[in-house]
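Just so we're aligned, residue 631 is where the sequence shown starts under this note's numbering, counting upward by one. Just so you know, even glycine gets a beta-carbon here, dropped at the ideal spot from N, CA and C.
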Amino acid sequence: MKYLSTRAARTDSSGRKRFCEILLEGLAPDGGLYLPEHYPQVDAALLARWRTVWGEQGYAALAFEVLSLYIDDIPAADLKAICDKTYTEAVFGTPQIVPLTKLEDAAAGSGSAALCLEALSNGPTLAFKDMAMQLLGNLFEYELARRGEQLNILGATSGDTGSAAEYAMRGKKSVRVFMTSPAGRMSPFQQAQMFSLMDENIHNIAVDGVFDDCQDMVKAVSNDLDFKRKYRIGTVNSINWARLLAQVVYYFAGYFQATQSDSEKVCFTVPSGNFGNVCAGHVARMMGLPIDKLVVATNENDVLDEFFRTGVYRVRGSADTFETSSPSMDISKASNFERFVFDLLERDGALVKSLFGAALADRGRFDLCADPRFGQAAGRFGFVSGKSTHGDRLRTIRKTWERFGVMIDTHTADALKVAREQLRAGVPMIVLETALPIKFAATIVEALGREPDRPARFEGIEALPRRVTAMAADVAAVKAYIAQHCS
Ligand SMILES: *Cc1c(COP(=O)(O)O)cnc(C)c1O
């Protein structure tokens, strides 16, 4: 299997790479994102076999089956060992790894559908980013050892990504993590999760500024190619193909749990920001998983909902990007969206390049409503969308607690609100639960008047000693810090 850039001309196959070559890379050299040359097809026989693998051997074995179709430059026994080591009950809290909770049964004869939550949030940091990041940590360790190399990961986080990366990389000898975050802006629980890590290879940097300042610093360092090479700077952001691939697995696991037979279809609703999670659903659907609709749920930052409703993709400025109570979906542009547009436009890399390069740079938008292929986003590709606000979030958290005794976090609430608008007769709806409520306690208290439950292992973490360096939003300062800590 080779990978190509979303901006590569159709006739040019020179830049195609194998999995391990793109594993440690971010963007392709032309600024595009990597995708496989084709999506391996899961026919009826293979789907039936995978249902048995899931039922008899569980998540790690299913992950190995899916990953094997995309990774042919790691020996099978090694890849199997990496999957087995990653997806364990010890790391993810349950034997199913991504257990399904049924909220509502399909009422017999009424044509209504079952409504389920698929928990992706039982990993070490209680958000779905662990699902991919834990695998990435083990893949990085494997590949760096094979090459005899070291990597220094520089990142920016508003909360979930940074902690997932740190918990995935902690204690790994070949990797250091330098994670910038906006001082005082993450939730108290998120700050405690990150700053209480005492591992030598983890460096927390609290920047006097907002998330965009952190991201700008990371970009500035990465654009200094000499510095980047000298200090072997890498990233783990959501455009990394291995992260996306890891996420494909739980769409299959959700499907097998929600259905009895492979003739059934399901819908998924995905709380979305950078389009990484739902893009994995798109890949699963392209492989042949019987997904009817992929429902994209946004918060007030509705870049994606606007596109799926109108065909206009309009990047927001900092003045019209809102700070909301589902902060992991607060985005001004959706960094994985280019992957879907590439497929929508029949893999016309030159056109994608002009849209995401020149058009966005010049006008901050492009418009596909006149392109006949835009209609296929809903038709052939199954995408629909909706949006949720702070009021919707509070109402949904309250209703879900009152009716089912189930407490959901703010991001999951956005998805559940939108999912209810998209229910289809007879088709189970699986809502992806992307975080546990404890991470966003203030809004839970606002909705329910009580504190969310806290997993026992996080008892008292706010009181633990902290390891964090305060810094001005200054590129020279972060470079000096990295230089000093990479001996
Ligand atoms: C990152 C995140 C999202 C958004 O996922 P994308 O892949 O960026 O669309 C949603 N919910 C939570 C809790 C997250 O951490």
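For residue 908, the distance from the CB to the nearest heavy atom of ligand 1 is below 7 Å. Straight through space, the alpha carbons of residue 926 and residue 899 are spaced by roughly 6 Å.
Residue environment: residue 867 is assigned as buried (16 or more neighbouring CB atoms within 10 Å of its CB, all protein chains considered). In the three-state scheme derived from DSSP, where H, G and I count as helix and E and B as strand, residue 640 is classed as coil. In the three-state reduction of the DSSP assignment, residue 734 falls in the strand class. By the C-beta density criterion, residue 644 is exposed, having fewer than 16 other C-beta atoms within 10 angstroms. Within 10 angstroms of the beta-carbon of residue 891 lie fewer than 16 other beta-carbons, which makes it exposed. In the three-state DSSP reduction, residue 818 falls in the helix class (H, G or I). Between residue 662 and residue 635 a beta carbon distance of about 4 Å is seen, short of the 8 Å cut, so the two are scored as contacting. The beta carbons of residue 1015 and residue 939 sit about 7 Å from each other, so the pair counts as a contact at 8 Å. Secondary structure at residue 867: coil, using DSSP grouped into helix, strand and coil. Rounded to whole angstroms, residue 842 and residue 928 show a C-alpha spacing of 20 Å.
Measuring C-alpha to C-alpha distances from residue 958 to each of 788, 769, 722 and 668 identifies 788 as the nearest. Setting aside the 5 residues that flank it on each side, residue 700 is surrounded in the same chain by 631, 649, 666, 670 and 875, each with a C-beta closer than 8 Å to its C-beta; the list follows chain order. Given a length threshold of 3 residues, each whole run of the beta strand (DSSP E) inside the region 900-936 is given here in chain order: 921-928. Taking every protein chain shown into account, the CB of residue 904 has 16 or more other CB atoms within 10 angstroms, so this residue is buried.
A contact is defined here as three or more CB-CB pairs under 8 Å, and the region 793-801 fails this definition with respect to the region 1102-1112. The C-alpha of residue 785 lies about 5 Å from the C-alpha of residue 809. For residue 689, the enclosing alpha helix (DSSP H) starts and ends at 689-698. At a threshold of 7 Å, residue 958 counts as near ligand 1, since its beta carbon sits closer than that to one of the ligand's heavy atoms. Residue 1065 has its CB nearer than 7 Å to a heavy atom of ligand 1. In this structure, DSSP gives residue 746 an extended state, which the three-state scheme calls strand. Judged by beta-carbon spacing, residue 783 lies within the 8 Å limit of residue 865, meaning their Cβ atoms are closer than that value. Relative to ligand 1, the beta carbon of residue 912 is positioned no closer than 7 Å to any heavy atom. Between the region 985-1004 and the region 1020-1036 there are fewer than three C-beta pairs closer than 8 Å, too few to call the two in contact. When distances are taken from the beta-carbon of residue 757 to the heavy atoms of ligand 1, the shortest one is below 7 Å. If you keep only unbroken alpha helix (DSSP H) runs of at least 4 residues inside the region 758-840, you get 759-777, 790-799 and 818-825. Relative to the Cα of residue 1037, the nearest Cα in the group 1080, 768, 1013 and 902 belongs to 1080. Annotation for residue 1016: the continuous beta strand (DSSP E) segment containing it runs 1013-1017.
By the C-beta density criterion, residue 1094 is exposed, having fewer than 16 other C-beta atoms within 10 angstroms. Using a Cβ distance threshold of 8 Å, residue 835 and residue 1111 count as a contacting pair.
For ligand 1, a non-hydrogen atom lies closer than 7 Å to the CB of residue 904. For ligand 1, no non-hydrogen atom lies closer than 7 Å to the CB of residue 754. Judged by DSSP in its simplified three-state form, residue 1063 adopts strand. Ligand 1 approaches residue 868 closely enough that one of its heavy atoms is under 7 Å from the residue's Cβ. When beta bridges are read from the DSSP output, residue 997 appears opposite 942.
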